[in-house]
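Asker: Numbered according to this note's numbering, the sequence shown spans residues 30 to 357. Each residue gets a CB set at the ideal place from its N, CA and C atoms; glycine is no exception.
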Amino acid sequence: MKFRTEINPPKSNLQIEHKDSVITFGSCFAENISEYFQFYRFDVKKNPFGVLYNPVSILNAINSLEEPKVFSEEDLVFHQDEWHSFYHHSDFSNHVKDECLNSINERVVSAAEYIRKAKVIIITFGTAFVFKHLEKGFIVSNCHKIPKDQFSRFRLSVDEAVENIESIVDAISRINNEAKIVFTVSPVRHWRDGAVENQLSKATLLLAVNNVVNTKSNCFYFPSYEIVMDDLRDYRYYESDLLHPNKLATDYIWGKFSATHFTEKCLSAMNEIKVIAEARLHRPRNIESNAHQKFLKKQLKIIDQLELKYGHLNLEGDKKYFRGQLTL
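1. Can you name the start and end residues of the beta strand (DSSP E) that residue 184 belongs to?
2. Are residue 342 and residue 306 touching if we call contact CB-CB under 8 angstroms?
3. Starting from residue 75 and walking both ways along the beta strand (DSSP E), at which residues does that stretch end?
4. Quick one, which of 280, 279, 192, 206 has its alpha-carbon nearest residue 239's?
5. Let's test the definition: count the other Cβ atoms within 10 Å of the Cβ of residue 346 and tell me whether it reaches 16, buried, or not, exposed.
6. Tell me the DSSP secondary structure of residue 209 in three-state form.
7. Output needed for residue 231: all residues of its chain with C-beta closer than 7 angstroms, excluding positions within five of it in sequence on either side, in chain order.
8. According to DSSP, is residue 255 part of a helix, a strand, or is it coil?
9. What runs of the alpha helix (DSSP H), each 4 residues or longer, lie entirely inside the region 99-184?
10. Tell me which residue opens and which closes the beta strand (DSSP E) that residue 51 is part of.
11. Let me know if residue 216 comes out buried or exposed under the rule of 16 or more other beta-carbons within 10 Å of its beta-carbon.
12. Please return the same chain residues whose Cβ sits closer than 8 angstroms to the Cβ of residue 266, not counting the five positions on each side in sequence.
13. Examine the Cβ distances between the region 34-51 and the region 130-140 and report whether three or more of them are shorter than 8 angstroms.
14. Go ahead and pull the three-state DSSP assignment for residue 84.
15. So who's on the other strand from residue 204, going by DSSP bridges?
16. Tell me which residues share the same chain as residue 291 and place their Cβ nearer than 8 angstroms to its Cβ, disregarding the 5 neighbours each side in the sequence.
17. For residue 67, collect the residues of the same chain with a Cβ closer than 7 angstroms to its Cβ; drop the 5 residues on either side in sequence, then sort them by chain order.
18. Around the Cβ of residue 124, are there at least 16 other Cβ atoms within 10 angstroms (buried) or fewer (exposed)?
This is the structure we're talking about:
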């Protein structure tokens, strides 16, 4: 007997290897996926504008990379003793204006260069709800705890979501016409308006993404939302807030993503890289002990073998880490 509906996405035509550069945009779920790419030593750049939730904000971010845009004081707002950008997450906010701008512009320059070489761009939408600043007249990426009477809040229609997602694809194609785009809808529940509005928001995103993926040959869809809702569908797989998938859930989703989008050679390399990645988590009681020194040399030997076997791996950070503890 079967006691659950398991989702097994078919092998995708988009196959990723360690030689491929990956950049992510979107919700906190995109942050989680990026951390798995980092753990398995992929060349990945994570959310250069910080966490973004809706299609309009992600479009604004990608448009900013095309020129690229140089942010100035005119793009900032001062609130509660900090400078903020309406295009960025609050991670970029700073009580010193120049430090805020420097952090923003350094990331923009870096991301603008990176996106031009990226093979894969992963975009995760969290909500179809947006906040429009009444005075400035545009949709913001983050309200930064500014009083809500300065904004209007509304849900994008399916047509509006499609228009913005198509514009995202067009902007990426202008920047890098060889890039492939993987869209996902975040399984994180946005509960401020209740169950019905959350579902309408997710449905809007799902319909819009489906429309775009079906008409754009460089676009793919990965069903992370469906995996949580229809495969796992149990509060054991959520954090205590009952809104965010926990590590058990994200591990499961990553496994499905890996099986869908990674080559067999890549999957084999990941299994061996995991040994090195977990070895770095080891915390010795005595760095200078013979046992730990042997452990370090063993890891360095494994790294040399991996680089020789797979060729495209960049394990320089791991080599530096283990060599830095050698005393013998």
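Answerer: Taking the structure as given:
1. Position 155 of the sequence shown holds residue 184. Note, residue 184: beta strand (DSSP E), 180-184.
2. Here residue 342 is taken as the residue at index 313 of the sequence shown, counted from 1. Here residue 306 is taken as the residue at index 277 of the sequence shown, counted from 1. In this structure, residue 306 does not lie closer than 8 angstroms to residue 342 by Cβ.
3. As a first step, residue 75 is located in the sequence shown; it is residue number 46 there, counting from the start. 72-75 is the span of the beta strand (DSSP E), which, as asked, contains residue 75.
4. Taking the first residue of the sequence shown as position 1, residue 239 is located at position 210. Considering only alpha carbons, the answer is 192.
5. Position 317 of the sequence shown, counted from the start, is the residue given in the question as residue 346. Classification for residue 346: exposed.
6. The residue labelled residue 209 in the question sits at position 180 within the sequence shown. Three-state DSSP puts residue 209 in a strand.
7. Within the sequence shown, numbered from 1, the residue matching residue 231 stands at position 202. Counting only Cβ-Cβ distances below 7 angstroms, and skipping sequence neighbours, we find 214, 254.
8. Your numbering for residue 255 matches position 226 in the sequence shown. Helix, per DSSP.
9. 126-144, all fully within the region 99-184.
10. Residue numbering aside, residue 51 sits at position 22 when the sequence shown is read from its first letter. Residues 50-55.
11. In the sequence shown, counting from the first residue as 1, residue 216 sits at position 187. With 16 or more other Cβ atoms within 10 Å, it is buried.
12. Residue numbering aside, residue 266 sits at position 237 when the sequence shown is read from its first letter. Within the same chain, residue 266 has close Cβ partners 257, 274, 275, 277, 278, 281.
13. no
14. Translated into positions along the sequence shown, residue 84 becomes position 55. Three-state DSSP puts residue 84 in a helix.
15. Taking the sequence shown and counting its residues from 1, the one referred to as residue 204 is at position 175. Checking the DSSP bridge columns, you'll see residue 204 has no partner listed.
16. Mapped onto the sequence shown, residue 291 falls at position 262. Taken in chain order, the residues that qualify are 44, 45, 46, 299.
17. For the purposes of this step, residue 67 is taken as residue 38 along the sequence shown, with counting starting at 1. Hits under 7 angstroms: 73.
18. In the sequence shown, counting from the first residue as 1, residue 124 sits at position 95. Burial call: exposed.
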